[in-house]
Structure formats: C-alpha cells, structure tokens
Amino acid sequence: MSASPCLLMVAPNGARRVYQDHPAIPLTPEELARDAQECLAAGASAMHVHVRETDGRHLLDAGAYQDAISAIQEAVGDQLLLQVTSEAGGRYSPSEQRRVIEALQPDSVSIAVREWFGDAYEVRASGELCRYLASRGTHIQYIVYSPEDLTYFNQLREKGEVPNGPAFLLFVLGRYADPPIADPSRLASFLHALVAGDHWAVCAFGPTEGDCLALAAQQGGHARVGFENNLWRADGQLATNNAELVAATKARIEATGRRVMSASEARRFLALTTAANTGGTL
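In this text, residue positions in the sequence shown follow our numbering: the first is 195, and each later residue adds one.
Here it is in structure tokens:
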C-alpha cells in the first residue's frame, strides 16, 4: 500500500513580522495573492491567512478577510485552500476573536486552545461557537503549543465542550526567540498525548523548521511552513521568499516516500464538500 499524501500548508506572514523582518513578507491583499501564486507553483496545497492594518499591525476583521480572500482567489481560483486565523496577536480578547469568526463564518479557521478556552466562561462561549461552526461545515484546526495544551483539549472533548469526533491539530515546536530554534525531538511528547484517530500537523520556528517538518511527514503527520514561523533556510541564510521554503519542504516530504496533496484531495481529507460564505475557502 502506498503512503498517504501529506497536506502542505503555507503560513506566509503571521501576526508579528513586517517588512523590516523580511522585504518579501506579504501583508496586503495584492501581496498575498502574488505569494499564493508562487507558493502554489512551489507545491503548496493550502494557505493560512492573516490580514493586517495599513500600518502592518495584526488585524481580525471580517471585511479585511473578505478582501484578502477575494484577491487570492482571483489569482489562484480554487487551487489553494484558504484557512483564516483567529489569533489574538496581543490585541484581541476571546470575545472579540469569536465575534469576528462568527461574522465571517469561514470554511476553515485555526483556533488556539489556550486563547479560546482560558477560563470557565470562555469554555462555555467558545465551545458553543465551535459546535455551531462544526454543525454548519466549518473545519476547525486546533492549535496546541505544548503537550499540556493537547491534554487539556482532549479533556474538553471528553466533556463535550468541543465537537466530538476526530480533530485536526497543529503542534507548535519552538517560540519567537533570538534566535528561534525548534527542537524536532519535542514532537514525541505531543504524539504521546495524541488520541487515536486525530490528524495532526506541525509548524516550527527557525532554521530547523525543515527537520521538524520532515520528521512530521515521516511520522504520518502534515506540514505548515512559511514566514509566520521561520525566515531561514536550513543553512541559516535568509530564504528568498515563502515559495523557496515551500519547495524545500515539498522535497523533504517526497524524500520520506509521501507526496503532497492537491487542493481537491485536501478538501476530501478534511471532509469539506461545499463552499461557505467566504466563497470556497478551506
């Protein structure tokens, strides 16, 4: 039996980095659209989308998301699946995060467990929204920054606070630091807390990103790569653009005996069969 294909998502900008960090980081809808074309050509099957204020600050705004998604889709059609972030970014409270995602009702969203489920009130309010989103077909990826986050998520699911059934999780290796270097060996502690049937992906900080993602592919997981978490090639030199990191990750995935999913395969993998209000995003 052939190895299962791997979902390769690009996270091209994130909430914090700006042009001073790298001149090729895409911050505007037009720049995101151009980056999407380049990353699609390099092998990406999905894009994790952040939007920004005109001054570069992190932004959660339904209208800004619609503008960015429209620009990306005009450039690549449905060949890249789009996932929006709900990240607080030091600006937004859980209620503000929920309000934007409820207004947007995207086909796919990433949610950090420790941001959305921080206390009893947030557990109730966030759980209610997650269950509603899941009921209408929104795909939720839950971000966990530590094995403890994953254990907490598993407890929330056992109590019925988050939707039942298999989840798609993102394991974060490393942090913003100087220099940011993720340790691939930390993946084992996440996998130890993983519930059978769940799908998972990895993102990693710094020039060890490629090693971490290759290990994830080898272990049956999926990969998220890009300037949100890492600006450097494996040799420690700045990457030219996101597409360079995507191409390098695709090669490392293929070296494990797996291939990268197409957008249509990724949609089937995540059980997405219809387009929601954002016009065909992941």
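Backbone N, C-alpha and C define an ideal beta-carbon position, used for all residues, glycine too.
What is the rounded straight-line gap between the Cα of residue 396 and the Cα of residue 341? As a working mapping, residue 396 is identified with position 202 in the sequence shown. As a working mapping, residue 341 is identified with position 147 in the sequence shown. Answer to the nearest angstrom: the Cα atoms are 13 Å apart.
Helix or strand or just coil, what does DSSP make of residue 323? In the sequence shown, counting from the first residue as 1, residue 323 sits at position 129. If DSSP states are grouped into helix, strand and coil, residue 323 belongs with the helices.
Which value, in whole angstroms, describes the spacing of the CA atoms of residue 381 and residue 425? If you number the sequence shown from 1, residue 381 lands on position 187. If you number the sequence shown from 1, residue 425 lands on position 231. If you take the alpha carbons of residue 381 and residue 425, they lie about 21 Å apart.
Among 377, 325 and 305, which one has its Cα closest to the Cα of residue 405? On the sequence shown, position 211 is the one that residue 405 refers to. It is 377 whose Cα lies nearest to the Cα of residue 405.
Mind checking residue 468: buried by the 16 CB within 10 Å criterion, or exposed? Residue mapping note: residue 468 aligns to position 274 of the sequence shown, counting from 1. In this predicted model, residue 468 has a pLDDT of only 40, less than 50, meaning its place in the structure is not dependable; the value taken from the coordinates is given anyway. Exposed.
Please list, in chain order, all residues of the same chain as residue 273 whose beta carbon is under 7 Å from its beta carbon, the five residues on each side excluded. Here residue 273 corresponds to residue number 79 of the sequence shown, with the count starting at 1. 234 and 457.
CA-CA distance, residue 351 and residue 226? Taking the first residue of the sequence shown as 1, we reach residue 351 at position 157. Taking the first residue of the sequence shown as 1, we reach residue 226 at position 32. If I take the Cα positions, the gap works out to 35 Å.
Would you mind listing the alpha helix (DSSP H) stretches within the segment 311–382 that are 4+ residues and don't spill past its ends, in chain order? 314–329 and 341–352
Check whether residue 258 and residue 204 have beta carbons under 8 Å apart: Stepping through the sequence shown from its first residue, residue 258 is reached at position 64. Stepping through the sequence shown from its first residue, residue 204 is reached at position 10. Taking 8 Å as the Cβ cut-off, residue 258 and residue 204 do not qualify as a contacting pair.
Note the first and the last residue of the continuous alpha helix (DSSP H) segment covering residue 295. Translated into positions along the sequence shown, residue 295 becomes position 101. Residue 295 -> alpha helix (DSSP H) spans 288–298.
Proximity to residue 247 [Cα-Cα], best of 370, 255 and 416: Residue numbering aside, residue 247 sits at position 53 when the sequence shown is read from its first letter. The residue with the shortest Cα to Cα distance from residue 247 is 255.
Which same chain residues end up closer than 6 Å to residue 325 when comparing Cβ atoms and leaving out the 5 residues on each side of it in sequence? As a position in the sequence shown, residue 325 is number 131, starting the count at 1. Within the same chain, residue 325 has close Cβ partners 357.
Under the three-state reduction of DSSP, which class applies to residue 219: helix, strand or coil? For the purposes of this step, residue 219 is identified with residue 25 of the sequence shown, where counting begins at 1. Residue 219 falls in the coil class under three-state DSSP.
Provide the residue(s) that pair with residue 461 in DSSP beta bridges, ordered along the chain. Within the sequence shown, residue 461 is the residue found at index 267, counting from 1. According to DSSP, which records beta bridges pairwise, residue 461 is partnered with nothing at all.
Helix, strand or coil for residue 246? Go by DSSP, reduced to three states. Here residue 246 refers to the residue found at position 52 when the sequence shown is read from its first residue. Correct three-state label for residue 246: strand.
Nearest CA to the CA of residue 265: which residue from 280, 427 and 229? Within the sequence shown, numbered from 1, the residue matching residue 265 stands at position 71. Nearest of 280, 427 and 229 to residue 265, Cα basis: 229.
Taking the DSSP output, what are the residues bridged to residue 397? The sequence position of residue 397 within the sequence shown is 203, counting from 1. Beta-bridge pairing links residue 397 to 366.
Contacts around residue 332, its chain only, beta-carbon distance under 8 Å, and the 5 residues preceding and following it disregarded: In the sequence shown, counting from the first residue as 1, residue 332 sits at position 138. Once the five neighbours on either side are set aside, the close Cβ partners of residue 332 are 299, 300, 301, 302, 303 and 470.
As assigned by DSSP and simplified to three states, the class of residue 253: Position 59 of the sequence shown, counted from the start, is the residue given in the question as residue 253. Residue 253: strand per DSSP, three-state reduction.
With a threshold of 16 other CB atoms inside 10 Å of the CB of residue 434, please say whether the residue is buried or exposed. The sequence position of residue 434 within the sequence shown is 240, counting from 1. Residue 434 comes out exposed.
Just the Cα atoms here: how many angstroms apart are residue 462 and residue 279? Here residue 462 corresponds to residue number 268 of the sequence shown, with the count starting at 1. Here residue 279 corresponds to residue number 85 of the sequence shown, with the count starting at 1. Spanning the two alpha carbons is a distance of roughly 21 Å.
Beta-carbon contacts of residue 446 that lie in its chain and below 8 Å, excluding the five residues immediately before and after: Against the sequence shown, residue 446 aligns to sequence position 252. Cβ within range, chain order: 404, 407, 408 and 411.
Taking the alpha-carbon of residue 231 as reference, which of 269, 207, 218 and 198 has the nearest alpha-carbon? Translated into the one-based positions of the sequence shown, residue 231 becomes position 37. Checking every option, the nearest Cα to that of residue 231 belongs to 269.
Sorted by chain position, which residues of the same chain lie with C-beta nearer than 6 Å to residue 393's C-beta, five sequence neighbours on each side aside? The residue labelled residue 393 in the question sits at position 199 within the sequence shown. Excluding residues within five positions, the ones whose Cβ falls inside 6 Å are 362.
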